[in-house]
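Visitor: Below is a structure I'd like to ask you about.
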Amino acid sequence: MSDPPNLSKVIELIQIGFNVSLDVIEYEDSLDEIVELARMFNATVVLRNVSESFLNPKRLKKLKSHSHKIIIEV
């Protein structure tokens with residue numbers, strides 16, 4: 001799957017200090033990169049439209065180390 005069309009804009013916003021809200025379905029393949037970048041720049045990431053399959057123990061364990069900077073809308 002290719003990168004979402006607005007991925008570069010999301011990265012730019014994080015780099016200049018903005019928090020971002022993302023649709024998980026659209027950014028799922030790039031989510032690890034986005035979360036790591038947000039951690040480096042002390043930004044918060046809001047994850048919207050989270051599916052049940054996304055909330056599996058393996059994925060949540062991976063995100064847990066950044067949980068203070070991630071908001072999951074349910």
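Under my numbering, the first residue of the sequence shown carries the number 1, and numbering increases by one thereafter.
We treat Cβ as the ideally placed atom computed from N, Cα and C, and that holds for glycine.
Look up residue 21 in the DSSP assignment and say whether it is helix, strand or coil.
Guide: Here residue 21 corresponds to residue number 21 of the sequence shown, with the count starting at 1. Looking at residue 21 - three-state DSSP - the assignment turns out to be strand.
Visitor: Which residue comes first and which comes last in the beta strand (DSSP E) that contains residue 47?
Guide: The residue labelled residue 47 in the question sits at position 47 within the sequence shown. Per DSSP, the unbroken beta strand (DSSP E) holding residue 47 starts and ends at 45-48.
Visitor: If you follow the beta strand (DSSP E) that residue 70 is in, where does it begin and where does it stop?
Guide: Counted from its first residue, the sequence shown places residue 70 at position 70. Run containing residue 70: 70-72, per the beta strand (DSSP E) assignment.
Visitor: Can you list, in chain order, the residues of its chain with a C-beta nearer than 6 angstroms to that of residue 7? Leave out the 5 residues immediately preceding and following it.
Guide: By 1-based counting over the sequence shown, the position of residue 7 is 7. Counting only Cβ-Cβ distances below 6 angstroms, and skipping sequence neighbours, we find 30.
Visitor: Compare the Cα-Cα distances from residue 11 to each of 23, 41 and 63 and report the closest residue.
Guide: Along the sequence shown, one-based indexing puts residue 11 at 11. Nearest of 23, 41 and 63 to residue 11, Cα basis: 41.
Visitor: With burial defined as no fewer than 16 other Cβ atoms inside 10 Å of the residue's Cβ, what is the status of residue 14: buried or exposed?
Guide: Position 14 of the sequence shown, counted from the start, is the residue given in the question as residue 14. Flag for residue 14 reads buried.
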